[in-house]
Amino acid sequence: MQYIITIFVVFFLFRLVSLSYSIKNEKRILKKGAVQYGKLNSLLLTLAHILYYFSALYEAHANDVTFNTISMWGVVCMTFAYIMLFYVIYKLKDIWTVKLYIVPNQRIERSFLFKTVRHPNYILNIIPELIGVALLCNSWLTLCLGLPVYLVLLGVRIRQEEEAMRELI
Numbered sequence: 011m012q013y014i015i016t017i018f019v020v021f022f023l024f025r026l027v028s029l030s031y032s033i034k035n036e037k038r039i040l041k042k043g044a045v046q047y048g049k050l051n052s053l054l055l056t057l058a059h060i061l062y063y064f065s066a067l068y069e070a071h072a073n074d075v076t077f078n079t080i081s082m083w084g085v086v087c088m089t090f091a092y093i094m095l096f097y098v099i100y101k102l103k104d105i106w107t108v109k110l111y112i113v114p115n116q117r118i119e120r121s122f123l124f125k126t127v128r129h130p131n132y133i134l135n136i137i138p139e140l141i142g143v144a145l146l147c148n149s150w151l152t153l154c155l156g157l158p159v160y161l162v163l164l165g166v167r168i169r170q171e172e173e174a175m176r177e178l179i
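In the working numbering, each number is its position in the sequence shown, counted from 1, plus 10.
In structure tokens, the structure reads:
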């Protein structure tokens, strides 16, 4: 269990690093007149993300899970997810936040990844990350109950983002 907790903490710290970058960007783009969309859904996504992470960890603890082959696949999924997260942050730079903001005269990222994968941050980061956390912790209940709930919220977010971005395209 200790090995799972250590890996969990490392990845959670990466998530906190990305959050600090988001907060820095948010403060700067608000000064430029950014408008936030889907405020309630952003809050619900944040709460669902935290609840999902800690439900998976609790489930691992309750079931006295030890690091195993499934856990290793979880690490692989999470590693991929975080590589994608930091690549998306690298490409979006100053406009990347965890909340949904549109800045006046916002540029549209048109690199290969963004042309090829619709919503790469959600498809290539968040979904693999959540699957990876559940696999790391062998948390089947969290995966089967928590992921569908999260996907509903993510679907709402994607619709909100597409509606907000429609004027820019």
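The beta carbon of each residue, even a glycine, is placed where N, CA and C say it ideally should be.
Assigned with DSSP and collapsed to three states, I118 falls in coil, not helix or strand. T126 and L55 have their C-alpha atoms some 25 angstroms from each other. In the structure shown, L153 adopts helical secondary structure according to DSSP, grouped into three states. If you draw a straight line from the Cα of V86 to the Cα of F18, it is about 13 angstroms long.
Taking all protein chains shown into account, C154 has fewer than 16 neighbouring C-beta atoms within 10 Å of its C-beta and is therefore exposed.
As computed with DSSP, V45 is found in a beta bridge with I112. Under the 8 angstroms Cβ criterion, the stretch 67-79 does not count as touching the stretch 122-141, having fewer than three qualifying pairs. It is roughly 12 angstroms from the alpha-carbon of Y63 to the alpha-carbon of I14. The closest CA to that of R25, considering only Y47, H59, L50, is found on H59.
At a Cβ-Cβ threshold of 7 angstroms, K101 and E119 count as neighbours.
The beta carbons of P138 and A70 sit about 19 angstroms from each other, so the pair does not count as a contact at 8 angstroms. Contact between Q46 and Y111 is confirmed by a C-beta separation of about 5 angstroms, below the 8 angstroms threshold. Contiguous alpha helix (DSSP H) elements confined to the stretch 19-83 occur at 49-72, taking only those with 4 or more residues. Taking all protein chains in view, the Cβ of L29 is surrounded by fewer than 16 other Cβ atoms within 10 Å, so the residue is classified as exposed. Residue environment analysis places S121 among the exposed positions, since fewer than 16 neighbouring C-beta atoms fall within 10 angstroms of its C-beta.
Straight across, the Cα-Cα distance linking N115 with L178 is about 8 angstroms. About 5 angstroms separates the beta carbon of E36 from that of T107, a gap short enough to meet the 8 angstroms contact definition.
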